[in-house]
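Residue numbers (full-length UniProt numbering), protein chains in the order written: chain Y, 1 to 251; chain W, 1 to 202. We put the beta carbon where it would ideally sit given N, CA and C, even for glycine. Accompanying notes for the structure given below.
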Ligand SMILES: C[S@@+](CC[C@H](N)C(=O)[O-])C[C@H]1O[C@@H](n2cnc3c(N)ncnc32)[C@H](O)[C@@H]1O
């Protein structure tokens, strides 16, 4: 067997040892945690809110359900799920990074979201939950940061209830070449500059741009979900494919 | 995607702001909690789904999950639905189709119809008592002024039509005309009667 440290994996455009990526990703999110929400609004012109709302509307969430928001960061999706599942349901906000979880916890408490949210530090590749626990799992802008994506997809399938669904919201491949090159210019020239100005951290946003480019495109991700065992896998392009929402069911 | 999510989110935000202004909304929402209504209007094509949570009303054009009540109709028919006596007639006339619980649709519309917002109170909470009093008085003054203007205009219109242009009859003229018509009708009736009598006599 190979030592996992001698295998390499993408960290943005760089190749790093597999065992190293997790720590490097942690550095990125440690350094942006406090400014994360502001940057999201600035960088996407607020559109990330609509992508997230679209995801919620496709989730089929009902009062009383159990929802897992993995790589949930500062909890945008968790907040909306919490209002919808009501006092009889539960939302678990899980993230590998404690700094992000803390920011999320403070934000949600200030907004009066208490009672039906649980905060868990967890790695998407090895979820610390029992089999068949959740009606819905979402991973928004998180999968591309995960070292072993296939393993994460399988782990999520395991904790999903039969009849439950997984929603993956992630940057993807723009459909139109024109859009694609405008977007490239934006992410490699404008984004890191904005990161420097607003968050004082150009490098993390350089990583962001690179990790987006290295992430599997729509069809590839769909294939990975099917390989993991999801059924009726479909995807919808949002904003011309800059972002895609993948959906799959466990039966 | 922008156009399927943005308009409904905007309306939803506005709607919930309004609901929050009436403290009774909370208990009305709680009664509906978890209930879902879908409205498909012929003109719009896209079905609009409303979901009640214990604190908010949610709107979506994207949601395609099952609902408790689905109303399929046209925009023009909506006002008629306020009176439940119309429902059977509208269904028979093919102007309305309801799947599920029809009472639910009315419960949703009551959320809005029963809204009772104390605007002066809301204002004084936001800008303070004195400025609010000032705004309310200014509002009442402008309402009075508007009503006065409207009356003046109607008077002016009457004058022009009746006195100056003689396009329409005045009140007296109209009464006289009506009397004349009635007298004429009476004479016609009498002549008709006499004619029949004569025909019989022949
Ligand atoms: C770009 S943020 C997305 C946050 C949130 N879902 C949103 O949409 O705003 C990505 C998050 O993924 C988390 N993350 C990265 N690798 C992870 C892993 N292996 N397991 C769980 N979370 C992970 C990071 O800590 C970070 O908070």
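With respect to the 8 Å criterion, residue 116/Y and residue 89/Y are classified as neighbours on the basis of their beta carbons.
Residues of chain W with a Cβ closer than 7 Å to the Cβ of residue 57/Y are, in chain order, 60, 62, 63. Residue nearest to residue 133/Y within the set 159/Y, 114/Y, 122/Y, 10/Y is 159/Y (criterion: CA-CA distance).
With a contact defined as Cβ atoms closer than 8 Å, residue 107/Y and residue 224/Y miss out at about 32 Å.
Residues of the region 107-130 of chain Y with a Cβ closer than 9 Å to any Cβ of chain W: none.
Measuring C-alpha to C-alpha distances from residue 27/Y to each of 18/Y, 37/Y, 98/Y identifies 98/Y as the nearest. Burial is judged here by how many other beta carbons sit within 10 angstroms of a residue's own beta carbon; residue 208/Y has at least 16 and is buried. Spanning the alpha carbons of residue 62/Y and residue 201/Y requires a straight line of approximately 40 Å. Listed along chain Y are 63, 83, 84, 86, each with a C-beta nearer than 8 Å to that of residue 53/W. Interface annotation for the region 7-32 of chain W against chain Y: 9, criterion Cβ-Cβ distance under 8 Å. Contact between residue 64/W and residue 16/W does not hold, since their C-beta atoms are separated by about 23 Å, which reaches or exceeds 8 Å. Bounds of the alpha helix (DSSP H) holding residue 222/Y are 218-228. Annotation for residue 207/Y: the continuous alpha helix (DSSP H) segment containing it runs 202-214. Proximity to residue 20/Y across 29/Y, 30/Y, 8/Y, 13/Y peaks at 8/Y, based on C-alpha coordinates.
For residue 177/W, same chain residues with a beta-carbon under 8 Å away, outside a window of 5 residues either side, are 169 in chain order.
Remark: the shortest separation between the CB of residue 166/Y and any heavy atom of ligand 1 does not fall under 7 Å.
Nearest to residue 123/Y by C-alpha distance, out of 140/Y, 96/Y, 144/Y, is 96/Y. Here residue 74/Y carries a coil assignment [DSSP, helix/strand/coil]. Residues of the region 26-56 of chain Y with a Cβ closer than 7 Å to any Cβ of chain W, in chain order: 50, 53, 54. For residue 238/Y, the C-beta contacts it makes with chain W under 8 Å involve 1, in order along the chain. Partner residues in the beta bridge of residue 60/W, as assigned by DSSP, are 49/W. 8 Å or more divides the Cβ of residue 86/Y from the Cβ of residue 30/W. Taking CB atoms only, residue 100/W has no neighbour in chain Y less than 8 Å away. For residue 118/Y, the closest alpha carbon among the candidates 157/Y, 75/Y, 139/Y is that of 75/Y.
About 7 Å separates the beta carbon of residue 168/Y from that of residue 221/Y, a gap short enough to meet the 8 Å contact definition. Taking CB atoms only, residue 77/W has no neighbour in chain Y less than 8 Å away. The beta carbon of residue 127/Y is closer than 6 Å to those of 155, 159 in its chain, skipping five residues each way along the sequence. When Cβ-Cβ separations below 8 Å define contact, residue 60/Y makes contact with chain W. The Cβ-Cβ distance between residue 143/Y and residue 230/Y does not fall below 8 Å. From the beta-carbon of residue 45/W, no residue of chain Y is found nearer than 8 Å; the closest lies around 17 Å away. Around residue 69/W, the same chain offers 37, 100, 101, 104, 105 as residues with beta carbons nearer than 6 Å, after the five sequence neighbours per side are excluded. Close CB contacts of residue 180/W within its chain, under the 7 Å cut and outside five residues either way in sequence, are absent. By the Cβ rule, the region 52-59 of chain Y does not count as touching the region 176-189 of chain Y, because fewer than three pairs are nearer than 8 Å. Per DSSP, residue 14/Y is not a residue of any alpha helix (DSSP H); the beta strand (DSSP E) it occupies stretches across 14-17. The shortest C-alpha to C-alpha distance from residue 60/W to any of 144/W, 2/W, 130/W is the one to 2/W. Within 10 angstroms of the beta-carbon of residue 172/W lie fewer than 16 other beta-carbons, which makes it exposed.
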